[in-house]
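Okay, so here's the structure we're looking at.
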Amino acid sequence: MNQITLDATSENLDRLTSFINEKLMSVGCPRKAMMEIDVVIDELFSNIANYAYHPDVGPATVIVEFEEDPICVMITFLDNGVPFDPLAKEDPDTSLSAHERSIGGLGVYIVKQMMDDVTYEYKNGQNILRIKKNVS
Amino acid sequence: MTINKQREGSKLYAEILGRIDTVTVTDAEKALLPDVEGITELTLDFKGLDYISSAGLRLLLSLQKIMNKQGSMKILNVNETVREIFEVTGFSDFLTIE
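Sequence lines, in order, name chains U and E.
For the first sequence, the numbering used here gives the first residue as 33, with consecutive numbering after it.
For the second sequence, the numbering used here gives the first residue as 133, with consecutive numbering after it.
So, in C-alpha cells, the structure goes:
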C-alpha cells in the first residue's frame, strides 16, 4: 500500500511519519533527506490537523510515490476541509533579529526550502498539496 | 522527546533528545520556560536532537527573547538537518551556535 488515510490529529503524526519513513527506507533514502522530509510532514500534517476541519476532526489521505532516475519521492496530502492554499502566503522576512521577529509562515517556508517542488490545488472539494524531493 | 536539565547557580544546561515537533513542543515548553526564570546563562545541547520543526523554532525564539533580556543563550552540537533549518529560516543569524 502506498497510501494511508487517518484522522488529521496531532496524535497521528507519529503513525504517518513512520509510514512514510518505511517507504523512504525501502528505496535507500539518505538519513539527511529523510529528516528533512520528516520536518515537512510535521509542518503539513499539523496544518491540516489545526485548520482544515477546525474545530472538528476529519480525515487526511497521504499518498507516497517514487520516480526513478534520479530517485525522487512525491508525497500528496489530501483533505476535504476548508479550501486553504498555504503557498499563497508571502514568505516571512528571514533577515530580522530575534527582537523584531514575529513567528508566522515559517512552517510553509521551511517546506518550500527543504523540498524541490511544492504545488497546491483545490479540486473536487479537496485540498491537494504535493511535494517532491530527490532522494537518491 | 526527553530533556535532561542541570542547574548550577544561575546557569542552566538542558540536553534535548529526540525531536521537537508539533506534538512534543508543548512538553518542551513546560520543561524549559518556567526554569529559565533567574537564569543568566542558558545552554541547550542538541547532540541528541534529530530535528526541529517550526513549532520548535517558536519556542527557541521565545527563549532567545527572554535570554536577551536577562543574560545569554547558546546552542551546542547542532546536526546537519537542524543547522539547515536554522539557516533557511534566518535563525542562524541571531542564535549563538557553537
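Virtual Cβ for every residue (Gly too), placed ideally from N, Cα, C.
Source: prediction; values computed, not measured.
- Run through DSSP, which three-state label would U/Met235 get? Any question about residue 235 of chain U goes unanswered here, given that chain U covers just 33 to 168.
- Task: Look up E/Gly180 in the DSSP assignment and say whether it is helix, strand or coil.
- Result: By 1-based counting over the second sequence, the position of residue 180 of chain E is 48. For E/Gly180, the three-state secondary structure derived from DSSP is coil.
- Rounded straight-line distance, which links the Cα of E/Ile135 to that of E/Ala160: Indexing the second sequence from 1 puts residue 160 of chain E at position 28. Indexing the second sequence from 1 puts residue 135 of chain E at position 3. When rounded, the distance between both Cα atoms is 7 Å.
- Pick out whichever of U/Glu97, U/Ile142, U/Asp101, U/Glu132 has its Cα sitting closest to the Cα of U/Lys164. Working through the first sequence from its first residue, we reach residue 164 of chain U at position 132. If you compare the alpha carbons of U/Glu97, U/Ile142, U/Asp101, U/Glu132 with that of U/Lys164, the shortest gap goes to U/Glu97.
- Item | Three CB pairs or more closer than 8 Å across the segment 208-217 of chain E and the segment 171-182 of chain E | Output reads yes: the segment 171-182 of chain E touches the segment 208-217 of chain E.
- Message: Taking its Cβ as the centre, do 16 or more other Cβ atoms sit within 10 Å of E/Gln196, making it buried, or is it exposed?
- Response: Position 64 of the second sequence holds residue 196 of chain E. E/Gln196 is buried by the Cβ-count criterion.
- Message: Assess contact between the segment 186-202 of chain E and the segment 141-155 of chain E, defined as three or more Cβ pairs (one per stretch) separated by less than 8 Å. Is contact present?
- Response: The segment 186-202 of chain E vs the segment 141-155 of chain E: in contact.
- Since E/Thr134 is in the beta strand (DSSP E), which residue starts that stretch and which ends it? Numbered from 1 along the second sequence, position 2 holds the residue referred to as residue 134 of chain E. Looking at the DSSP string, the run of the beta strand (DSSP E) that includes E/Thr134 is 134-140.
- Task: Please determine, among E/Ala163, E/Ser142, E/Leu227, the residue with the shortest C-alpha to C-alpha distance to E/Met205.
- Result: Here residue 205 of chain E refers to the residue found at position 73 of the second sequence. It is E/Leu227.
- With a cut-off of 8 Å, do at least 3 Cβ pairs link the segment 114-128 of chain U to the segment 88-106 of chain U? No, they do not touch.
- Message: With a threshold of 6 Å on Cβ separation, who are the neighbours of U/Thr151 within its own chain once the five nearest residues in sequence on each side are excluded?
- Response: As a working note, residue 151 of chain U is residue 119 in the first sequence. Same-chain partners within the cutoff: Arg162.
- Task: State buried or exposed for U/Ala118, treating a residue as buried only when at least 16 other CB atoms are found within 10 Å of its CB.
- Result: Locating residue 118 of chain U in the first sequence gives position 86, counting from the first residue. The displayed chain sequence assigns Pro, not Ala, to residue 118 of chain U. Buried is the label assigned to U/Pro118, since at least 16 other Cβ atoms lie within 10 Å of its Cβ.
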